[in-house]
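Residues in the sequence shown are numbered consecutively from 1, following UniProt numbering. Backbone N, C-alpha and C fix where the C-beta goes; we use that ideal spot for every residue, glycine too. Written below as structure tokens is the structure these notes are about.
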Amino acid sequence: MVGFGFGTGFGNEFSRFAHFSDGQPANQGLKPGSNWDGAPSSGFASVPTDPARTTAKPVCRLLTPPRQTVRIANVIGVFAAANNDGSLIPNLGLSHVDFHCEGNVLRVESPTFRTFERADGSTYEILGWWVTLSKPSGKEGIAHVYAEAVPSDGSMQSRISGPFSYLMASKTFDYDVTVAASGGADFLSMEDAFTHLRAQNAQHPRVRVLESGEYDLGNANRHSPAGWCRIEADAPVTFLQAPPALEGDFTRMRPGMESLHFKGPEITIDFVETLEFYTELEDGEHWLDGIHIVQSRGRENLWRSVPRNIIPALFRNGAWFTDCVVTDVNDVFDKAPLVRGCRTSATWADLAQDALCFVANEVEDHSSAFYYTNVDAMGLTYSGTGTATVSIRNSPRSLVLRVDGVDVASFAFDGSEQAFRDDTNYRVASAVDWVNSQTGWSAALLDDTRAGVSLSPPGTTNGGAQEDIAVPATLPTHFDIHSDIYQLPILPEFRENMVFAFNRLWQIDAQNIFIQDRPGVLDSVVIGNALYNNLGTPDEGLQSDLGGMISHGVFAHNTMATQRALISSDGQGGDIYSLIANNVILRMTVRNGDPIPPALTVRDNHVVQEVGLPAGLEGTSSGGDSTTLFNDAINGDFTPTGDLLINGASPSVANDLVAGSFPEIASKGALAAVATINTGDPLPSWSIAPSITGIAEVGETLTGDDGVIENGAVNDRQWLRGGLAIPGAINTSYTLVADDEATLIAYAVEATGPGGVNFAVSADVGPIAAATGPGDDLVLVDSVQGGGSAGSASATGLIASGANRQVFAMVGAGTSDAVSNIGCVITGTSGTVAMTRVFFSGTQSANPASSLEAFAGFVIDEANLPGDGPYDLVASATGANVPDKVGIVASSVANAPISPTIAFERSASITASASADGTLVLAGLGSSTATSGAAMTGATQVENLFSYGDGIQLGWAMADTGPLTVTNSVNGRNVSALVLFEPAPVT
């Protein structure tokens, strides 16, 4: 049964997170061998060496940064996987992973999930191969670890990754210093702290900032510790560069200290006054761990009137990123060896160019649309003789005025930093002034926010040059920046060992995957990613280019329903170890319409459009679009629906984007759902959609209608609160509870048929109103009254409707002798039943046997009503003689339960107080004379008092809180009963 994204799923058939319920998996222990003397690699008899690649190898990348200090034990792990005959099931396609540490070898037989927690308390799971690395007793130093991924396919080679260094030390930090700008700490500045640590030759120190504020990292002399120099903050701090001395100067953060580990949510690195975080050495990358990385002026802020990506990498030589929050910056993850668990928003340019391991990240709103959107900057006219045109040329960027096809004047823009400061030929305004100095030509400045080098032809999509633009003309500025998520750039040699897995991206304007074949990538795994590209933008036509996946490229269980994919053509790449399977893609084409490589396996994919689809692909299905194939892809919910549920296939990966298990026959794409294989029969559908009736208020009961189903029958039902399943609410009716208040409620119906499984959901009802308070609950529906003699009276046609109904009756009887008994029955569509008597009292005595007149009260609740109304009530009275006066007043009330409080006295008046608004009051009065009179105060009378015969009077009213008094003008045989039916206490 399919979960449909409602939280628990219909029937709660499987739980994606069940395998985490017992906590973290237990890892095997690893430590250096006995021959290790503290020097790196001293414990190895033979240092592990990765063999030269002659055929396919697994991927194997660290999931935890190296160089960590191990005081007791640290968990470390790798993501390792390989294609094994068209599948990564089981064990991610591997036989095992061996971890080598200074002479010791530990074999891990299978991958497990490990839970990571971000600073905000959110968690995510990573499938990896994990060990617990521990420090040996009595030894310190640097230990090397290698991870050897051994494929299940015996025709492939193993891959040995490493060495990865770890500091075995008895202390977490060898030096621990503090910084506060106003004093009271070891140092006033970060530069002073770094200078001190360099002088001490610190190898794994900590710098702790005690005081909130903005700090410059300074520019100390270079120092490269063996481990990390951890930076922590006890209060919110921002590290940023001071503004440049001259506006527009290129600036960079260059602290001098290598291997900085910025840790914790109190830290922000702000690129507002700098374009690059500099790293001295390629192996001296920094570690950004749970911090904020921002550019506080926002994504659209220009530098010298041009985009800020002057250098296309925010961190030189890359960095290690774990659990960071990233906003408004460009090119942040370039060349990163690891990006794990990060969340980004409002980023632009290239996100993860040449990143080596990009896993479990969430990316919202990645777009360079501001830059490639044309902004009209200059209007040009010509009043001279001849035909005027204008050209935009390159080398240098120039505006050329032409008449009758001949150049008459040229203005060269200067995009240099010096020209910006001197304001010489840098701005569009300079060109406007120049045009206005030319005979017969005039120009108007429309926008001067962008540098003149960006002046472009009208309607440009790339800012390229163009000859002979007709005049008059309006020229825009344009920056040719089109974003990539992952791009493999042109490299001098093959890139090996790349992982891009289990990432969720939405509202992006970018080329998702761009793997250039110059020369390309060997051994890459791109699995379990879900991406939504915005529609209706100039980037809508971009395509993911997989052409550079030359050998052992795995592209499986990815969702890209709004972007097409270009796959390898014959002779370009794609060998017997390569796999493209179980993806959801807008379109799948081959460059120039060429055939695909005969060795490349392309199977069980789902395309939205069949345009350009190569022939003969096994298991390819089609249909739907981004709005029907997923719950809400535009907002990042890629739960499969629609055609994906009837075009299932055997999965090629065991687990999905959110660590759920793919069933035996599963939907294609990044998220797991049970699916059926398409039989050709139509899917169940609804000619009339499910619907809901009832009052949208807590305490009321809603009723669901399954609608009219074609090609199937009801298989399951589920009530939804805010789009998520309400546990246990699987029947056609549902009583609203307090948790429903202010939410939207819907009714979902699942149907099965020969064509598979489908579901439909009613329109929402709500927001659900709060329960009406007890004083407002009691609602008078109807009342009837009647009288008779010979011991009986009837009241007919009583209407009773609504929820929690109760019917009440007051019966009075009189005779010259005692009235010994009074009863009352009610008749509805299903028969006649007796009402429950809740009191009986007489006028002359509390003992009915000696009373001349008597009164009785009756009640029946909704559960015991005899079918539907209108209802008829018959009262009967007995005594020594047949009572010659019998009267009845009956009422129906909705929104009970209410409970009776009975007060009666043999006196001229009786007073009682109602404890809640909405109290129903019934009064019975008796007298031996016809001159008896009655009055009721403190209540709002809603029915006339009824008098039958000599001295019997009955009435009922709704009362507010406060004293209620009924009086009889005749003393002696006076008030017999006053009954207050009050709302039941709320518990």
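Where the alpha helix (DSSP H) containing Arg118 begins and where it ends: Working through the sequence shown from its first residue, we reach residue 118 at position 118. Looking at the DSSP string, Arg118 is not in any alpha helix (DSSP H), and its letter there is neither H nor E.
Asp422, buried or exposed, once every other Cβ within 10 Å from all chains shown has been counted against 16: Locating residue 422 in the sequence shown gives position 422, counting from the first residue. By the neighbour-count rule (16 or more Cβ atoms within 10 Å), Asp422 is not buried but exposed.
Residue from Gly141, His204, Leu505 and Ala360 whose Cα sits closest to the Cα of Glu125: Along the sequence shown, read from residue 1 onward, the residue named residue 125 stands at position 125. Of the candidates Gly141, His204, Leu505 and Ala360, Ala360 places its Cα closest to the Cα of Glu125.
Touching by the beta-carbon criterion (3+ pairs, under 8 Å), the stretch 532-544 and the stretch 64-74: Contact fails between the stretch 532-544 and the stretch 64-74, because fewer than three Cβ pairs, one in each stretch, are under 8 Å apart.
Element boundaries [alpha helix (DSSP H), containing Thr195]: Here the question's residue 195 lines up with position 195 in the sequence shown. Looking at the DSSP string, the run of the alpha helix (DSSP H) that includes Thr195 is Met190 to Ala199.
Buried/exposed call for Pro727, threshold 16 Cβ in 10 Å: Here residue 727 refers to the residue found at position 727 of the sequence shown. With fewer than 16 other Cβ atoms from the protein chains shown falling within 10 Å of its own Cβ, Pro727 counts as exposed.
Separation of Val886 from Ala793, as counted between CA atoms: Here residue 793 corresponds to residue number 793 of the sequence shown, with the count starting at 1. Here residue 886 corresponds to residue number 886 of the sequence shown, with the count starting at 1. Cα to Cα, Ala793 sits roughly 6 Å from Val886.
Cβ pair Thr178, Leu217 closer than 8 Å: In the sequence shown, counting from the first residue as 1, residue 178 sits at position 178. In the sequence shown, counting from the first residue as 1, residue 217 sits at position 217. It is not a contact, given that the beta carbons lie outside the stated cut-off.
Bridge partners - Met156, DSSP secondary structure assignment: Here residue 156 is taken as the residue at index 156 of the sequence shown, counted from 1. Answer is none; Met156 lacks a bridge partner.
Meets three-Cβ-pair contact criterion under 8 Å: the stretch 697-710 and the stretch 747-755: Contact between the stretch 697-710 and the stretch 747-755 is present: three or more C-beta pairs spanning the two stretches fall below 8 Å.
Every unbroken beta strand (DSSP E) within the stretch 245-313, with a cutoff of 3 residues, ordered by chain: Counting only unbroken stretches of 3 or more residues, the beta strand (DSSP E) elements lying wholly within the stretch 245-313 are 260-263, 267-270, 286-289 and 292-294, in sequence order.
DSSP beta-bridge partners of Tyr426: For this step, residue 426 is matched to residue 426 along the sequence shown. According to DSSP, Tyr426 bridges with nothing at all.
Anticipated Cβ contact below 8 Å, Tyr166 with Pro205, distance rounded: The sequence position of residue 166 within the sequence shown is 166, counting from 1. The sequence position of residue 205 within the sequence shown is 205, counting from 1. Pro205 and Tyr166 do not touch by the CB rule: their CB atoms are close to 17 Å apart, not below 8 Å.
Short CB-CB distance (under 8 Å) between Tyr486 and chain C: Annotation note: the requested chain C is absent from the structure, which comprises a single protein chain.
Backbone secondary structure at His552 - three-state DSSP: What you label residue 552 is simply residue 552 of the sequence shown in a count that begins at 1. Strand at His552.
For Gly415, the three-state DSSP class (helix, strand or coil): Your numbering for residue 415 matches position 415 in the sequence shown. Gly415: coil per DSSP, three-state reduction.
Tyr734 to Gly857 span [Cα, whole Å]: Along the sequence shown, read from residue 1 onward, the residue named residue 734 stands at position 734. Along the sequence shown, read from residue 1 onward, the residue named residue 857 stands at position 857. Looking at the backbone, the Cα of Tyr734 and that of Gly857 are separated by about 34 Å.
Proximity below 8 Å, CB of Glu862 to CB of Ala771: Looking up residue 862 in the sequence shown gives position 862. Looking up residue 771 in the sequence shown gives position 771. When the beta-carbon positions are compared, Glu862 and Ala771 stay at least 8 Å from each other.
Residues near Leu505 in its chain [Cβ-Cβ closer than 6 Å; skip 5 each side]: Counted from its first residue, the sequence shown places residue 505 at position 505. Excluding positions up to five away in sequence, the list reads Val363 and Leu531.
Inter-stretch contact (C-beta, 8 Å, three-pair minimum) for the stretch 386-398 and the stretch 277-290: They do not touch, by the three-pair rule.
Same chain, Cβ closer than 6 Å to Thr195, neighbours up to 5 away in sequence not counted: In the sequence shown, residue 195 corresponds to position 195, counting from 1. Non-local C-beta neighbours of Thr195 in its own chain, meaning closer than 6 Å and more than five positions away in sequence, comprise Ala220, ordered along the chain.
Alpha helix (DSSP H) segment containing Phe370, residue limits: Position 370 of the sequence shown, counted from the start, is the residue given in the question as residue 370. Under the DSSP assignment, Phe370 falls in the alpha helix (DSSP H) whose first and last residues are Ala369 to Tyr372.
Sequence-distant residues of its chain with Cβ nearer than 8 Å to Asp98 (five each side left out): The sequence position of residue 98 within the sequence shown is 98, counting from 1. Result list for Asp98: Val105, Leu106, Arg107, Val108, Ala147, Glu148 and Val150, in chain order.
C-alpha gap between Lys668 and Asp570, whole angstroms: One-based indexing of the sequence shown puts residue 668 at position 668. One-based indexing of the sequence shown puts residue 570 at position 570. Looking at the two C-alpha atoms, the distance is approximately 26 Å.
Neighbourhood of Tyr371 by C-beta distance below 6 Å, restricted to the same chain and skipping five residues each side: As a position in the sequence shown, residue 371 is number 371, starting the count at 1. Pro307, Phe479 and Ile481, listed in sequence order.
8 Å Cβ cutoff met for Asp376 and Asp447: Locating residue 376 in the sequence shown gives position 376, counting from the first residue. Locating residue 447 in the sequence shown gives position 447, counting from the first residue. In this structure, Asp376 sits near Asp447, with a CB-CB distance shorter than 8 Å.
Secondary structure of Ala336, DSSP reduced to three states: Taking the first residue of the sequence shown as 1, we reach residue 336 at position 336. Of the three classes helix, strand and coil, the one that applies to Ala336 here is coil, per DSSP.
Other residues of its chain near Thr268: CB distance less than 8 Å, five sequence neighbours each side excluded: Walking along the sequence shown from the start, residue 268 turns up at place 268. Around Thr268, the same chain offers Pro236, Val237, Thr238, Phe239, Ile291, His292, Ile293 and Val294 as residues with beta carbons nearer than 8 Å, after the five sequence neighbours per side are excluded.
CB of Asp331 within 8 Å of CB of Asp350, strictly: Taking the sequence shown and counting its residues from 1, the one referred to as residue 331 is at position 331. Taking the sequence shown and counting its residues from 1, the one referred to as residue 350 is at position 350. Yes, these two residues count as a Cβ contact at 8 Å.
Range covered by the beta strand (DSSP E) that runs through Ser794: To locate residue 794, count along the sequence shown from 1; it is residue 794. It spans Ser792 to Leu798 - the beta strand (DSSP E) in which Ser794 sits, taken as one unbroken run.
Nearest residue (CA-CA) to Phe555, options Thr562, Asp604 and Pro519: For the purposes of this step, residue 555 is taken as residue 555 along the sequence shown, with counting starting at 1. Of Thr562, Asp604 and Pro519, the residue nearest in Cα terms is Asp604.
C-alpha gap between Leu281 and Val435, whole angstroms: For the purposes of this step, residue 281 is taken as the residue at position 281 of the sequence shown. For the purposes of this step, residue 435 is taken as the residue at position 435 of the sequence shown. In this model, Leu281 and Val435 are separated by some 49 Å (Cα to Cα).
Beta-carbon contacts of Gly949 that lie in its chain and below 8 Å, excluding the five residues immediately before and after: In the sequence shown, the residue the question calls residue 949 occupies position 949. Any reading at Gly949 must be qualified, since the residue scores a pLDDT of 48, below 50, and its modelled position is unreliable; the value itself is stated next. Excluding positions up to five away in sequence, the list reads Gly787, Ser789, Gly814, Asp884, Lys885 and Gly887.
Proximity winner among His606, Ala355 and Ser442, relative to Ile485 (alpha-carbon distances): The residue given as residue 485 occupies position 485 in the sequence shown. For Ile485, the nearest C-alpha among the options comes from Ala355.
Heavy atom of the ligand SAH within 7 Å of Ile799 beta-carbon: No copy of the ligand SAH appears in this structure; indeed no ligand is present at all.
The stretch 83-91 in contact with the stretch 336-352 per 3-pair CB rule at 8 Å: The stretch 83-91 is not in contact with the stretch 336-352.
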